[in-house]
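Trainee: Taken in order, these protein sequences are the chains called A and B. Residue 230 in the numbering used here sits at position 230 of the first sequence, with consecutive numbering throughout. Here the numbering used here runs 390 ahead of the position in the second sequence, where the first position is 1. Even glycine gets a Cβ: it sits at the ideal position worked out from N, Cα and C.
Protein chains: 2
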Amino acid sequence: MISVPEAFDIIKQQVNKLPCHTVALPQAFNCVLAKPVFALYDTPPFNNSAMDGYAFRFADLQYSPNFSVIGSVSAGSTFNGTLMKNEAVRIFTGACIPVDADTVVMQEKTIQNTHTVTVTDEEITLGSNVRLKGSQNKVNEMLVRAGNSINEMIIGYLASAGIDKVTVYQKPSVCIITTGTELIMPGLPLQPGKIFESNSWMLNAALNKMFMQTQLYACDDSMQHLSNLLAAKATETDVIIITGGVSVGDYDFVAPALKQLGAQIFFHKVKQKPGKPLLFAKLNNAFIFGLPGNPASALSCFYNYVKPALHLMQGMVWPMYQTALLQNTFQKKEGLTHFVKSVCNNGGVTILNGQESYLLNSFAAANCMAVLPETATHFEPGMTLEVLPL
Amino acid sequence: MISVPEAFDIIKQQVNKLPCHTVALPQAFNCVLAKPVFALYDTPPFNNSAMDGYAFRFADLQYSPNFSVIGSVSAGSTFNGTLMKNEAVRIFTGACIPVDADTVVMQEKTIQNTHTVTVTDEEITLGSNVRLKGSQNKVNEMLVRAGNSINEMIIGYLASAGIDKVTVYQKPSVCIITTGTELIMPGLPLQPGKIFESNSWMLNAALNKMFMQTQLYACDDSMQHLSNLLAAKATETDVIIITGGVSVGDYDFVAPALKQLGAQIFFHKVKQKPGKPLLFAKLNNAFIFGLPGNPASALSCFYNYVKPALHLMQGMVWPMYQTALLQNTFQKKEGLTHFVKSVCNNGGVTILNGQESYLLNSFAAANCMAVLPETATHFEPGMTLEVLPL
């Protein structure tokens, strides 16, 4: 049985970024840029007005504050005439500054007559209210580096520079297989010996939170059914998450099915609680995570192993644990790393009651998992713990 | 012109939670519970085994550690026989404990023969390895309070209790209308006087991050087109976000169109930078946010006004600003609240360069907005600022 850090290392060694592909910018939300993006144009592409007002040549103010208004230019159009001495053009926000003009006075700081305008702005300087061509970015300038995760701000920035496609790492396709003859779907009448299946909806929601889609499959405790399903899914998905059947009992068919199919099993069993039976394998090109069937164990393993692996595959980094000061007392036996459902707040962390692997009520109240190292046994207020925000 | 706190107050007064509806549990992800959820059953619904092992009556150990194995029970089935003195049943994880048994010994702590088993676990006590009926929750117990936002952990918890439907506040339906004759879509060739439209993709991504869907419309600077579109959309969406045309110039048709349609305009113009022209109105049952066309202004108003309003409508709370210590120096004029693109880290906040309302490059590097109050002018390292994480 390997330790938690050994298990992490094995996953980091095996899992690589998926290939990149080029997608429409709106579809790249939450994906990681595989190539830097360079500007196709200067942005703004032309000098333009920051205000509704009048565009003129600043030097003309030395002659008179009075200007003849010889034309008008609104956003989206251009003024193609020539400005003579003390001539101005009516201009609106975003409109292209006429070639001969260099300054805009906002309309609130003018006196307007039928065909003339008087500039009354005493603070105006050369270039006032003009947004210069290329002042956001110059053509060929790097706009966003590779490795950045694309958020709404980057989408806006790239769109404003005219970019409509980007090259990003693919997001892994994920399939969830729940196993267990004892499971029935929520909403159906409860039958003797049966319990409600919760792993599929729970893990599906956890993946939706990562902006990933999943396929859901249920399988009974049959070696043949499980083998068939694994063989089929391993050819068409990047990651298979199986819950249940991963221990070493008479009804635990995950490891035997994988062995029969010739999968490479990297580890099976980790010195941890919950989630000791955790299995990590590869079949064809699909990585397989065998999680315990107990919902709290399955979710703990998802957060600590599967989610970081999914991050690596899409070009993100393995999440770092943060640190927080323990607020309460906790004891455990030596020999296993414990991942405990906890509440973090203001730099403190409180370990919740109800850590048993089949209990989800403490998870529903938690906002982080705290890590209790393998060899430690007593935990007192004030100790620094590693925590994983959920 | 009203102040920022006045604008916030008006929105809080006008905007209410949307009606609630009952949805399938998986569809409730990121929704807010409108009614508490009560348990339909005890969970677990029966005493069950935490281990693969043997179930027996603990009192029988006083006679002998040797038991006759008279049956077997796996997860999902039940054992309907009767245990006589020093009789045991083979049992697997999750299986129902036979009525006469009270304790399970894990198989690793037994010696197994053909029809008998010897218990060798010296630490075993009454009830060992038995998960008691109702130990997660009892029938009729409240599982989750109203007001909780449903995350993957709550989905798992409720599913494990057999819940397949919940009553949640509806998420608002949102329509984004971009206006501006000067706009062309990214990817098309740039034409004189035109700029690339970025607000629709940017705001759509911001809404996707909130797990909300949108409809996108583009409208030129035409009073008639805008009126028609507003009239149609106001009957079928909860929130309309318009970008551009919201100032008071000759080509700003948002306010005139709303007035013509008989909309109630709650405010138009706020003492802030960016986003001074911000407009908030209601037409039929749709709330309308008129945001400036400049992408950075539009996004700033989205984060500070629209997103909090969308939170209120779906039963969440108005987001609280956090505080952080300023790391650099900044100056501004008195009279407007400034929302400045900034980077927060380890309790410190640094105001970025490039705060002009048409620049998105600083937004692409920001992770928060800092709030610079209306009357303040000088900001020095060590001052405490309010920040809104993005």
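Residue ranges of each alpha helix (DSSP H) run of no fewer than 4 residues wholly in the stretch 586-618 of chain B, ordered along the chain?
Mentor: If we require 4 residues or more, the alpha helix (DSSP H) runs fully inside the stretch 586-618 of chain B come out as 589-599.
Trainee: Any residues in the stretch 460-482 of chain B with a beta carbon nearer than 7 Å to a beta carbon of chain A? Which ones, in chain order?
Mentor: Cβ contacts with chain A come from Ser-464, Ala-465, Gly-466, Ser-467, Thr-468 and Phe-482.
Trainee: Cβ of Asn-361/A less than 8 Å from any chain B Cβ?
Mentor: Yes - at least one Cβ of chain B is within 8 Å of the one on Asn-361/A.
Trainee: Counting only beta-carbon separations shorter than 8 Å, does Gln-136/A have a partner in chain B?
Mentor: Output row for Gln-136/A: interface = yes.
Trainee: Could one say the Cβ of Ile-155/A lies closer than 8 Å to chain B's Cβ atoms, at least one of them?
Mentor: True, the Cβ-Cβ gap to chain B drops below 8 Å.
Trainee: Run through chain B and tell me which residues come within less than 8 Å of Cys-96/A, C-beta to C-beta.
Mentor: Here the neighbours are Pro-582 and Gly-583.
Trainee: Is the distance from the Cβ of Arg-90/A to the Cβ of Tyr-54/A below 8 Å?
Mentor: Cβ atoms of Arg-90/A and Tyr-54/A: closer than 8 Å.
Trainee: Does the count of Cβ pairs from the stretch 152-171 of chain A and the stretch 586-600 of chain B closer than 8 Å reach three?
Mentor: Output reads yes: the stretch 586-600 of chain B touches the stretch 152-171 of chain A.
Trainee: Compare the C-beta of Glu-396/B against all C-beta atoms of chain A and say whether one is closer than 8 Å.
Mentor: No, because no Cβ of chain A sits closer than 8 Å to the Cβ of Glu-396/B.
Trainee: Taking only the alpha-carbon atoms, compute the straight-line gap between Glu-776/B and Ile-514/B and give it to the nearest angstrom.
Mentor: Their backbone Cα atoms lie some 57 Å apart in a straight line.
Trainee: Given that Ile-163/A touches chain B, what residues does it touch there, using C-beta distances under 9 Å?
Mentor: Residues of chain B passing the Cβ test: Pro-576, Gly-577 and Phe-586.
Trainee: Considering only the beta carbon of each residue, do Ala-28/A and Ile-150/A sit closer than 8 Å?
Mentor: Going by C-beta atoms, Ala-28/A is nearer than 8 Å to Ile-150/A.
Trainee: Counting only beta-carbon atoms, is Ala-295/A nearer than 8 Å to chain B?
Mentor: Reading off the sequence shown, one finds Pro at residue 295/A, where the question assumed Ala. Output row for Pro-295/A: interface = yes.
Trainee: Which complete alpha helix (DSSP H) runs does the stretch 738-762 of chain B hold, if anything under 4 residues is left out?
Mentor: The qualifying runs are 751-755.
Trainee: Compile a chain-ordered list of the residues in the stretch 223-254 of chain A whose CB is closer than 9 Å to at least one CB of chain B.
Mentor: Those residues of the stretch 223-254 of chain A that come within reach of chain B (Cβ to Cβ, closer than 9 Å) are Gly-244, Ser-247, Val-248, Gly-249, Asp-250, Tyr-251 and Asp-252.
Trainee: Based on the DSSP secondary-structure assignment, which residues constitute the bridge partners of Cys-344/A?
Mentor: Paired residues: Val-349/A.
Trainee: Is the stretch 205-221 of chain A in contact with the stretch 168-177 of chain A, if contact means three or more CB pairs nearer than 8 Å?
Mentor: Yes: the two stretches touch, three or more of their Cβ pairs being nearer than 8 Å.
Trainee: Mark Thr-454/A as exposed unless 16 or more other C-beta atoms lie within 10 angstroms of its C-beta, in which case mark it buried.
Mentor: With chain A covering only 1 through 390, there is no way to say anything about residue 454/A.
Trainee: Identify every residue that forms a DSSP beta bridge with Lys-273/A.
Mentor: Answer by DSSP bridge pairing, in chain order: His-338/A.
Trainee: Given that a residue counts as buried once 16 or more other Cβ atoms are within 10 Å of its Cβ, and exposed if not, what is Asn-140/A?
Mentor: Classification for Asn-140/A: exposed.
Trainee: For the stretch 314-327 of chain A, enumerate the residues whose C-beta is nearer than 7 Å to any C-beta of chain B, in chain order.
Mentor: Taking 7 Å as the Cβ-Cβ cut-off against chain B, none of the residues of the stretch 314-327 of chain A qualify.
Trainee: What does Lys-666/B touch in chain A if you count any residue whose Cβ is under 7 Å from its own?
Mentor: By Cβ distance, chain A contributes nothing, its closest Cβ being about 11 Å from Lys-666/B, past 7 Å.
Trainee: Using the Cβ count rule (16 or more neighbours within 10 Å means buried), how would you classify His-658/B?
Mentor: With 16 or more Cβ atoms within 10 Å of its Cβ, His-658/B is classed as buried.
Trainee: Where Trp-708/B and Leu-702/B are concerned, what is the direct C-alpha to C-alpha distance, given to the nearest angstrom?
Mentor: Each residue's Cα considered, the two are about 6 Å apart.
Trainee: I'd like to know if the stretch 721-735 of chain B and the stretch 763-780 of chain B are in contact, where contact means that at least 3 CB-CB pairs between them fall below 8 Å.
Mentor: Output reads yes: the stretch 763-780 of chain B touches the stretch 721-735 of chain B.
Trainee: Report all residues from its chain with a CB closer than 6 Å to the CB of Cys-408/A; omit the five preceding and five following residues, and keep chain order.
Mentor: Here chain A comprises residues numbered 1 to 390, so residue 408/A is not present and cannot be evaluated.
Trainee: Shortest alpha-carbon distance to Gln-107/A belongs to which of Asn-361/A, Pro-98/A and Ser-49/A?
Mentor: Minimum Cα distance to Gln-107/A is reached at Ser-49/A.
Trainee: Excluding the 5 residues preceding and the 5 following Asn-30/A in the sequence, name in chain order all residues of the same chain whose CB lies nearer than 6 Å to its CB.
Mentor: Hits under 6 Å: Phe-211.
Trainee: Which residues does DSSP pair with His-701/B in a beta bridge?
Mentor: In the DSSP output, where bridge partners are listed per residue, His-701/B has none listed.
Trainee: Do the CB positions of Met-369/A and Leu-390/A come within less than 8 Å of each other?
Mentor: Contact flag set, yes.
Trainee: Would Val-494/B pass as a contact of Thr-500/B if the rule is Cβ separation under 8 Å?
Mentor: Contact: no.
Trainee: Going by DSSP, what residue range makes up the alpha helix (DSSP H) through Gly-546/B?
Mentor: Residues 542-550.
Trainee: Kindly list, in the order they appear in chain A, the residues whose Cβ is closer than 8 Å to that of Leu-415/B.
Mentor: Those are Pro-186 and Trp-201, listed as they occur along chain A.
Trainee: Just the chain B side, please: which residues come within less than 7 Å of Phe-29/A by C-beta, in chain order?
Mentor: The answer, in chain order, is Ala-595 and Asn-598.
Trainee: Are Asp-60/A and Asn-80/A touching if we call contact CB-CB under 8 Å?
Mentor: No.
Trainee: What beta strand (DSSP E) runs, 3 residues minimum, are completely inside the stretch 25-102 of chain A?
Mentor: 53-56, 66-73 and 87-91, all fully within the stretch 25-102 of chain A.
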